[in-house]
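> Residues 32 to 276, numbered by my numbering, are exactly what the sequence shown covers, in order. All C-beta atoms, glycine included, are put in the ideal place defined by N, C-alpha and C. Sharing a structure with you now.
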Amino acid sequence: MLILVHSPKGGSGSSFLAASLAATLARRGQQVAAIDFTFQDTLKLYLGLLPTQPVIEMSARVGEAMVVAGVEIMSGHIFSREQAFIDGIRAGDSPLLDKERIIFADIGSEDRELRGFLLDHAALHICPILPRSASLATLSKVQPGTPTVALEKTVFVLNQLDDRRQLSRHTHNFIRELVGDKLLGTVRYDEAINDTLAMFQPLEKFAPSSALIPDLERLTDALQLRLGLGGSVHGGGDVQKATAQ
């Protein structure tokens, strides 16, 4: 099951969300892989790896990759530029199309061609947005020519929400009214994420009391429900609350 994580605005937290959702699902017993299609190669940092730590290329089959926090992680930026990658997708013979696993594809904001090519083969597209004017201005770029509410496979995550700021609160209300149940969830702003990156440790280990952790649990609940994976809602809350947070 392929899940794309892509935003038309860089710096919206795509790599953070791809890594965090993958790790949370892995802890819940799901078979999960994450493939970093970005040139920056930063997804691995959110799993506690060093910047110099090499990650196996996607040309290897899923199952031969490095496993971190229960997540099989690979780099796909170079391979995605090769004809063999395109041919494999079209022929239905690609690690990305492995139905036995949940596969997160972290795609750079500038790589719209790759996002468009993979969208037909994906179960879901997660689009992170920030409560900032520059990020909101790119909503029309998610899929040009298609209204936001008409995007069939796309759901949104409002990232770095800070209720102390007026624009952030207004953005939350605006997005909920605009996209309705396409708002998968919200994740609060917490400086702890920068501290964990500096220490090269996973968030749950370095900052176990971070407000991000319950937010990510609720977001994963909503994702599981959206994908029909079943399972109880984290913490015993009801389904509507989990999907509307």
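1. Give me, in chain order, the residues of the same chain whose beta-carbon lies closer than 6 Å to that of GLN61; leave out the 5 immediate sequence neighbours on both sides.
2. Need the endpoints of the beta strand (DSSP E) that ARG219 sits in, please.
3. According to DSSP, is PHE148 part of a helix, a strand, or is it coil?
4. Go through the stretch 91-133 residue by residue and report every complete run of the alpha helix (DSSP H) that reaches 4 residues or more, in order.
5. In the DSSP assignment, find the beta strand (DSSP E) that holds VAL36 and state where it starts and stops.
6. So ASP72 is in the alpha helix (DSSP H); what residue range does that whole segment cover?
7. Taking the alpha helix (DSSP H) that PRO245 belongs to, which residues open and close that run?
8. Can you tell me the Cβ-Cβ gap for LEU33 and ALA50, rounded? I've got them flagged as a contact below 8 Å.
9. Starting from the Cα of ASP118, find the closest Cα among GLU88, GLY41, LEU149, PHE135 and give me that residue.
10. Among the candidates LYS130, ASP151, PHE205, whose CA atom is the shortest distance from the CA of ILE160?
11. Apart from the five residues just before and just after LEU258, which ones in its own chain have a Cβ nearer than 6 Å to its Cβ?
12. What is the DSSP secondary structure of PHE187, counted as helix, strand or coil?
13. Looking only at DSSP bridge pairs, what is HIS156 linked to?
14. Reducing DSSP to helix, strand and coil, say where ALA64 ends up.
15. Closest to GLU248 by CA distance: which of LYS40, LEU56, GLY41 is it?
16. Quick one: is ALA91 buried, meaning 16 or more other Cβ sit within 10 Å of its Cβ, or exposed?
17. So, at 6 Å on beta carbons, what are the nonlocal neighbours of ASP67 in its own chain, with the 5 sequence-adjacent residues on each side left out?
18. Among all the DSSP beta bridges, which residues are the ones paired with GLU88?
19. Could you please give me the residues that DSSP links to ALA50 through a beta bridge?
20. With ASP226 as the anchor, note down where its alpha helix (DSSP H) starts and where it stops.
Looking at the atomic coordinates:
1. ILE133
2. Start and end: 214-219.
3. helix
4. Those alpha helix (DSSP H) runs which fall completely within the stretch 91-133 and span 4+ residues are 114-121.
5. Looking at the DSSP string, the run of the beta strand (DSSP E) that includes VAL36 is 33-36.
6. From DSSP, ASP72 is part of no alpha helix (DSSP H); its letter is neither H nor E.
7. 243-258
8. Contact between LEU33 and ALA50 is ruled out by a C-beta separation of about 16 Å, above the 8 Å threshold.
9. LEU149
10. Considering only alpha carbons, the answer is PHE205.
11. none
12. PHE187 falls in the strand class under three-state DSSP.
13. LEU35, THR185
14. strand
15. LEU56
16. The predicted model places ALA91 with a pLDDT of 49, which falls under 50 and marks its position as unreliable; any figure quoted below should be read in that light. Burial call: exposed.
17. LEU74, SER106, ASP137
18. SER106
19. Per DSSP, none; premise fails for ALA50.
20. 223-230
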